[in-house]
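Novice: The sequence shown: position 258 = 258 (UniProt numbering), numbered continuously.
Idealized CB from N, CA, C, for every residue including glycine.
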Amino acid sequence: MDYAALHQRSLQDRDAYWREQSARIDWRRRPDQVCDTSNPPFARWFVGGQTNLCHNAVDRHLPHRADQPALIHVSTETGTEQVLTYAQLHREVQAMASMLQSLGVRQGDRVLLYMPMIPQAVIAMLATVRLGAIHSVVFGGFASNSLASRIDDARPKVIVTADGGSRGGKVVAYKPLLDEALRQATHAVDHVLLVDRGLAPADRLPPRDVDFTRLREQHLNKPDIPCAWVDATHPSYILYTSGTTGKPKGVQRDTGGYAVALAASMEQLYQGRPGETFFCASDIGWVVGHSYIVYGPLITGMATIVYEGLPIRPDAAIWWSLVEKYKVSVMFSAPTAIRVLKKQDPACLSKHDLSSLKQLFLAGEPLDEPTARWITDALGKPVVDNYWQTETGWPILSVPRGVQADLPAKFGSPGVAMPGYDVRLLNEATGEELTAVDQKGVVAIRYPLPPGCLQTVWGDDERYVKTYWRSFGATPEFYNTFDWGIRDADGYHFILGRTDDVINVAGHRLGTREIEEAISSHAAVAEVAVVGVHDALKGQVPMAFAVLKNAAAADTPEAAQALEADVMRKVDQHLGAVGRPSRVVFVNALPKTRSGKLLRRAIQAVCEGRDAGDLTTIEDPVALAQLEQQLNTP
Ligand code: ATP
Ligand code: MG
1 MDYAALHQRS
11 LQDRDAYWRE
21 QSARIDWRRR
31 PDQVCDTSNP
41 PFARWFVGGQ
51 TNLCHNAVDR
61 HLPHRADQPA
71 LIHVSTETGT
81 EQVLTYAQLH
91 REVQAMASML
101 QSLGVRQGDR
111 VLLYMPMIPQ
121 AVIAMLATVR
131 LGAIHSVVFG
141 GFASNSLASR
151 IDDARPKVIV
161 TADGGSRGGK
171 VVAYKPLLDE
181 ALRQATHAVD
191 HVLLVDRGLA
201 PADRLPPRDV
211 DFTRLREQHL
221 NKPDIPCAWV
231 DATHPSYILY
241 TSGTTGKPKG
251 VQRDTGGYAV
261 ALAASMEQLY
271 QGRPGETFFC
281 ASDIGWVVGH
291 SYIVYGPLIT
301 GMATIVYEGL
311 PIRPDAAIWW
321 SLVEKYKVSV
331 MFSAPTAIRV
341 LKKQDPACLS
351 KHDLSSLKQL
361 FLAGEPLDEP
371 TARWITDALG
381 KPVVDNYWQT
391 ETGWPILSVP
401 RGVQADLPAK
411 FGSPGVAMPG
421 YDVRLLNEAT
431 GEELTAVDQK
441 GVVAIRYPLP
451 PGCLQTVWGD
461 DERYVKTYWR
471 SFGATPEFYN
481 TFDWGIRDAD
491 GYHFILGRTD
501 DVINVAGHRL
511 GTREIEEAIS
521 SHAAVAEVAV
531 VGVHDALKGQ
541 VPMAFAVLKN
551 AAAADTPEAA
561 QALEADVMRK
571 VDQHLGAVGR
581 PSRVVFVNAL
591 PKTRSGKLLR
601 RAIQAVCEGR
611 DAGDLTTIED
621 PVALAQLEQQ
631 LNTP
């Protein structure tokens, strides 16, 4: 059977397919029903089954791999490294679960984590689901108002935090940010559990605030805290989307479907084997971190690297030195990080023995062809794009491996639909399905979403239905990804950008991504953002903001002008004059979310003289201010 046949089977023989996949995890009670589709667009997976995520990630491995590394923590910020075996991780998770219990956490309660990348963050996630409680990880260092709105939405009983985190050698004190957020929030928490790393000053407000180290001592040798066997459909966590296009949505994930989907993806895509090491250089604040720093690798019985630090500190070889030292077999990162590395010395990659590494996976953003080619050549290993969303929890499109036959990758495409995903392209206006090749449509997923995808928006079923399922008519048949795509004759999809990133120039609809691709193929350009700006005559005109590989190339007004003209010529060649930006502004940095996504809507607002809107997830407000300044200096 070839891959296409396998994929077809996952849709046509859905229940049999997923019943087979469900054998990849441990069940306390096996499911009676594979998928309950009685109330679309909701789908309930593995109904009647009982399991526990922490059991599958930790306890299950104790008989065979108690002494094998499970969690490898490396901080280039504090200069520390620590390895926990599965037995040690089990002990710490039990202690943390016991502590949370003593603070009043019960099944179904929420535990919010506002944590840096330290072992206690992963331990707290595992301990929470062990109790059948629901975690909500908020990216560490988010501003108080972003944190406050998530506290009010998730209404946690306990918050686990640390005194601070560190990025690029700069300490960020978390506790004052949390204290401020708790003042702003209307919801009151019972307790704050504080891990004091000795990095930053932290006020303690007893009896609300409890010291982790002291409480741990009391709970380390307490009797076992068994895993709470919960229904497969019991929520395991709430995680907010990145907020690239507006107010973040609280994605609610189930337990059984998620565990099964992750286990399947580890086999069919990432190809990580028990005993090997997985290095996902993301943050536990994002979905990639939830699925592939914590749950995916641990469910598989791998060691996972939890890394606190930048990819270029102490130098650009740091990741590759970890690959060598811990014999990493699978690595996962984002295109934005690769673009950062690309600006550094390429020799960094050749200094280390990378023979253990099988593949590098990249996700989160379009992987442009120049970046893909650069890293593929530099590594000499397969580089695999994968396309998904916080909502889906695991890849929608990629290039499955080891499933019947290895498919070849195609530059510029994240690949084909993963098993279980019925991906369709729809006409945005009519909802009609586009079946011919190379037609541009909205990427949609036919009901039901496979296991592991969001159950609903936390506390707001109506928002879930309205946001995702009502775009193409009244019957909730298609889930809207809000991304544009095309499909070629081999079933490979190309993501052309977000549906709200389309520019309408005198009636021509252009994706910002298409113009960006053309500009980034210019040798001088490191990174670029294109936005549509209101124009009285044409409706909208594209405007480009480019970061140069070498800023000196546009040092003088004459040099900048010549380069601008040259970049415009590139666009003319690739797309024709309709795509030519009205201006190409050279900037030092582009405004991005904390997860590295371009904040085009903020740039657009600045260009149109509007308020930049919700900036709670912005990485560096200075980049936007500078961009505004550079825009206004002709
Ligand atoms: P929000 O939904 O709050 O606006 P967001 O969409 O950025 O934020 P995420 O769930 O983190 O939140 O990101 C998912 C989106 O990222 C996808 O819908 C797509 O636009 C983009 N994306 C992710 N991976 C890829 C990829 N491999 N290629 C192209 N785009 C990608
Ligand atoms: Mg989104």
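Quick check on the DSSP output: the alpha helix (DSSP H) that includes residue 419 runs from which residue to which?
Specialist: Here residue 419 belongs to no alpha helix (DSSP H), and DSSP marks it neither H nor E.
Novice: Can you have a look at residue 365 and say buried or exposed, based on whether 16 or more other CB atoms are within 10 angstroms of its CB?
Specialist: So residue 365 ends up on the buried side.
Novice: Assuming residue 469 is part of the beta strand (DSSP E), what are its boundary residues?
Specialist: Here residue 469 belongs to no beta strand (DSSP E); instead the alpha helix (DSSP H) covers 461-469.
Novice: Using a Cβ distance threshold of 8 Å, determine whether the segment 249-264 contacts the segment 349-358, with at least three qualifying pairs required.
Specialist: Too few Cβ pairs lie closer than 8 Å, so no.
Novice: May I ask you to verify whether the segment 28-48 touches the segment 263-283, counting CB pairs closer than 8 Å and requiring at least 3?
Specialist: Flag = no, the segment 28-48 and the segment 263-283 do not touch.
Novice: Given a threshold of 16 other Cβ atoms within 10 Å of its Cβ, counted over all protein chains shown, does residue 169 qualify as buried or as exposed?
Specialist: Exposed: under 16 other Cβ atoms inside 10 Å.
Novice: Start and end of the beta strand (DSSP E) containing residue 308?
Specialist: Element bounds for residue 308: 303-308.
Novice: Below 9 Å between beta carbons: does that hold for residue 294 and residue 57?
Specialist: Contact flag set, yes.
Novice: From the DSSP secondary-structure annotation, give me the bridge partner or partners of residue 489.
Specialist: The partner list for residue 489 (beta bridge, DSSP) is empty, contrary to what the question assumes.
Novice: Per DSSP, which residues does residue 69 bridge with? Please list them.
Specialist: Bridge partners of residue 69: 85.
Novice: Would you say residue 685 and residue 454 are within 9 Å of each other, going by their C-beta atoms?
Specialist: With the chain covering only 1 through 634, there is no way to say anything about residue 685.
Novice: Thinking residue 585 and residue 630 are a contact (beta carbons under 8 Å), I'd like their distance in whole angstroms, please.
Specialist: Indeed they touch by this definition, with Cβ atoms about 6 Å apart.
Novice: Which two residues bound the contiguous beta strand (DSSP E) that contains residue 159?
Specialist: Start and end: 158-162.
Novice: I need the DSSP call for residue 340, collapsed to helix, strand or coil.
Specialist: Here residue 340 sits in helix by DSSP.
Novice: So is the beta-carbon of residue 389 under 8 Å away from any non-hydrogen atom of the ligand MG?
Specialist: Because some heavy atom of the ligand MG lies under 8 Å away, the Cβ of residue 389 counts as near it: yes.
Novice: Near residue 265, which residues of its chain fall below 6 Å by C-beta distance, leaving aside the five closest residues on each side in sequence?
Specialist: Only 394 meet the Cβ criterion.
Novice: Looking only at its own chain, which residues have a Cβ that is under 6 Å from the Cβ of residue 139, when we skip the five neighbours before and after it?
Specialist: The answer, listed in chain order, is 285 and 594.
Novice: Starting from the Cα of residue 431, find the closest Cα among 420, 421, 446 and 438 and give me that residue.
Specialist: Selected option, being the one with the closest Cα: 446.
Novice: Kindly identify the DSSP beta-bridge partner or partners of residue 433.
Specialist: In DSSP, residue 433 forms a bridge with 426.
Novice: Could you tell me which uninterrupted alpha helix (DSSP H) segments, each at least 4 residues in length, are contained entirely in the UniProt domain "AMP-binding enzyme C-terminal" (514-597), listed from first to last along the chain?
Specialist: For the UniProt domain "AMP-binding enzyme C-terminal" (514-597), whole alpha helix (DSSP H) runs of length 4 or above, ordered along the chain, are 557-575.
Novice: Restricting to Cα atoms, I'd like to know which of 461, 117 and 82 is closest to residue 282.
Specialist: Minimum Cα distance to residue 282 is reached at 117.
Novice: Relative to the alpha-carbon of residue 46, which residue among 52, 53, 515 and 18 has its alpha-carbon at the smallest distance?
Specialist: When each option's Cα is compared against that of residue 46, the closest is 18.
Novice: Taking contact to mean 3 or more Cβ pairs, one atom from each stretch, closer than 8 Å, check whether the segment 143-163 and the segment 69-77 are in contact.
Specialist: These segments do not touch.
Novice: How is the alpha helix (DSSP H) around residue 123 delimited, first residue to last?
Specialist: 119-130 is the extent of the alpha helix (DSSP H) around residue 123.
Novice: Closest to residue 414 by C-alpha separation, out of 292, 424 and 485, would be which residue?
Specialist: Among 292, 424 and 485, the Cα nearest to that of residue 414 belongs to 485.
Novice: Whose C-alpha, out of 599, 439 and 83, is nearest the C-alpha of residue 425?
Specialist: Among 599, 439 and 83, the Cα nearest to that of residue 425 belongs to 439.
Novice: For residue 327 and residue 319, what's the separation of their Cα atoms in angstroms?
Specialist: One C-alpha to the other measures close to 12 Å.
Novice: Which residue's Cα is closest to the Cα of residue 612: 380, 280, 245 and 571?
Specialist: Checking every option, the nearest Cα to that of residue 612 belongs to 245.
Novice: Can you tell me whether residue 447 is helix, strand or coil according to DSSP?
Specialist: Here residue 447 sits in coil by DSSP.
Novice: Let me confirm a value: residue 411 is counted as buried when at least 16 other C-beta atoms fall within 10 Å, else exposed. Which label applies?
Specialist: Exposed, because fewer than 16 other Cβ atoms sit within 10 Å of the Cβ of residue 411.
Novice: Mind checking who residue 331 pairs with in its DSSP beta bridge?
Specialist: DSSP output for residue 331 lists 279 and 360 as bridge partner(s).
Novice: DSSP state of residue 478, grouped into three classes?
Specialist: The answer is strand: DSSP assigns residue 478 an E or B state.
Novice: Just to confirm, is the Cβ distance from residue 255 to residue 224 under 9 Å?
Specialist: It is not a contact, given that the beta carbons lie outside the stated cut-off.
Novice: Can you confirm whether the segment 555-573 touches the segment 492-511 when touching is taken to mean that 3 or more C-beta pairs between the two stretches lie within less than 8 Å?
Specialist: These segments do not touch.
Novice: Using a Cβ-Cβ cut-off of 6 Å (strictly less than) and excluding sequence neighbours within five positions of residue 635, which residues of its own chain qualify?
Specialist: This structure cannot settle anything about residue 635, because the visible part of the chain is limited to 1 through 634.
Novice: State the beta-bridge partners of residue 504 as determined by DSSP.
Specialist: In the DSSP output, where bridge partners are listed per residue, residue 504 has 509.
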